[in-house]
Amino acid sequence: MTIKELVIKNRSYRRFHESESISLETLRELVDLARLSASGANMQPLKYILSCDPEKNALIFPTLAWAGYLKDWPGPVEGERPSAYIIILGDKRIRQSFGVDPGIASQSILLGATEKGFGGCIIASIKKEVLAEALKIPEELEILLALALGKPKERVVIDPVGPDGDIKYWREADGTHHVPKRPLDEIIIG
Ligand SMILES: Cc1cc2nc3c(=O)[nH]c(=O)nc-3n(C[C@H](O)[C@H](O)[C@H](O)COP(=O)(O)O)c2cc1C
Numbered sequence: 001m002t003i004k005e006l007v008i009k010n011r012s013y014r015r016f017h018e019s020e021s022i023s024l025e026t027l028r029e030l031v032d033l034a035r036l037s038a039s040g041a042n043m044q045p046l047k048y049i050l051s052c053d054p055e056k057n058a059l060i061f062p063t064l065a066w067a068g069y070l071k072d073w074p075g076p077v078e079g080e081r082p083s084a085y086i087i088i089l090g091d092k093r094i095r096q097s098f099g100v101d102p103g104i105a106s107q108s109i110l111l112g113a114t115e116k117g118f119g120g121c122i123i124a125s126i127k128k129e130v131l132a133e134a135l136k137i138p139e140e141l142e143i144l145l146a147l148a149l150g151k152p153k154e155r156v157v158i159d160p161v162g163p164d165g166d167i168k169y170w171r172e173a174d175g176t177h178h179v180p181k182r183p184l185d186e187i188i189i190g
């Protein structure tokens with residue numbers, strides 16, 4: 001796959017074949033991609049919690065909010081939930097703010113997951129206090145993002161943003177998920 005093919009395939013997937021597990025070793029390989037990625041001032045303040053067993057996954061799932069634009073969809077049903085998660089934390093003993101490091105780490109991890117035939121979704125909408133309590137995360141570690149991972153069970157297609165300018169993703173009756181993207185000539189402004 002070229003980098004462009006990989007980037008196009010790396011969509012946000014929110015429904016998975018939950019029975020297709022992801023090993024701890026695979027999650028470690030994905031975090032290694034984040035470890036090797038850029039970090040502001042090379043401070044490397046990010047820490048990670050890995051989850052690929054059903055019990056731990058069940059603690060994480062209820063703390064996440066899915067697809068805000070799909071008002072009638074409360075999130076994936078049992079059997080279509082992620083089979084793994086990577087929780088990205090900021091170590092406040094190293095830095096007080098984490099800039100774009102978690103975004104860069106997320107993209108590296110998701111590109112790696114896509115290359116391996118998996119897919120996922122970055123989730124920032126997290127009940128952080130509930131998750132910290134459930135996973136016994138110490139106070140010095142700030143929850144930044146959760147990456148939901150699994151074998152995608154949905155088709156996601158990219159469309160050009162229409163003349164009405166609406167950027168909201170939407171789903172067809174057959175479940176196909178559409179993601180409007182703005183044209184290149186609109187975003188390169190000089
Ligand atoms: C920083 C960030 C936070 C996000 N948070 C959520 C979230 O809380 N819940 C969710 O379902 N999707 C979340 N997403 C996924 C976006 O909705 C998704 O990237 C967007 O709809 C475009 O789709 P695409 O990733 O397939 O291009 C987040 C994405 C980013 C980059």
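For the sequence shown, the numbering used here gives the first residue as 1, with consecutive numbering after it. Cβ atoms here follow ideal geometry from the backbone N, Cα and C, with glycine treated the same way. Predicted model, so just to flag it, every value in this text is computed and none were measured.
When burial is assigned at 16 or more other CB atoms within 10 Å of the CB, is residue i buried or exposed?
i      : result
Asp101 : buried
Leu149 : buried
Val157 : exposed
His17  : exposed
Arg182 : exposed
Arg81  : buried
Val77  : exposed
Ser106 : buried
Pro45  : buried
Ala41  : exposed
Leu131 : buried
Ala173 : exposed
Ile15  : It should be noted that the sequence gives Arg, not Ile, for residue 15. So Arg15 counts as buried.
Leu110 : buried
Ser125 : exposed
Ala38  : exposed
Ile187 : exposed
Ile189 : exposed
Leu184 : exposed
Hey, could you find the ends of the beta strand (DSSP E) residue i is sitting in?
i      : result
Ala148 : 141-150
Gly157 : Note that residue 157 is Val in the sequence shown, not Gly. Its beta strand (DSSP E) spans residues 156-160.
With respect to the alpha helix (DSSP H) encompassing residue i, which residues constitute its N-terminal and C-terminal limits?
i      : result
Asp174 : First-last for Asp174: undefined, no H or E at that position.
Gly112 : 101-115
Asp91  : Not the alpha helix (DSSP H): Asp91 falls in the beta strand (DSSP E), residues 84-91.
Ile122 : Run containing Ile122: none in the alpha helix (DSSP H); it sits in the beta strand (DSSP E), 119-123.
Ile3   : 3-9
Ile187 : 184-187
Arg35  : 24-35
Lys128 : 128-135
Spatial neighbours of residue i within its chain, please: C-beta separation below 6 Å, excluding the five flanking residues on both sides.
i      : result
Arg93  : Glu140
Ile87  : Ile49, Ala146
Ser12  : Cys121
Trp170 : His178
Lys168 : Tyr69
Ala34  : Ala105, Ser108, Ile109
Within a Cβ cutoff of 7 Å, which residues of the same chain sit near residue i, ignoring the five residues on either side of it in sequence?
i      : result
Tyr85  : Ser51, Asn57, Ile60, Ala146, Leu147, Ala148, Leu149
Ala113 : Leu30, Gly119, Gly120, Leu149
Glu142 : Leu89, Gly90, Lys92
Leu24  : Leu50, Cys52
Arg43  : The sequence given here has Met at residue 43, not Arg. Cβ within range, chain order: Ile94, Arg95.
Glu20  : Ser83, Gly150, Lys151
Which same chain residues, not among the five before or five after residue i, have their C-beta less than 8 Å away from its C-beta?
i      : result
Ile123 : Leu64, Ala65, Trp66, Leu145, Ala146, Leu147, Ala148
Leu36  : Ser108
Arg155 : Gly175, Thr176, His177
Ile8   : Ile158
Discussion item. Report the start-end ranges of each beta strand (DSSP E) in the stretch 38-79 that is 3 residues or longer and not cut off at the edges.
Written reply: Along the stretch 38-79, the beta strand (DSSP E) occurs as fully enclosed runs of 3 or more residues at 46-51, listed in sequence order.
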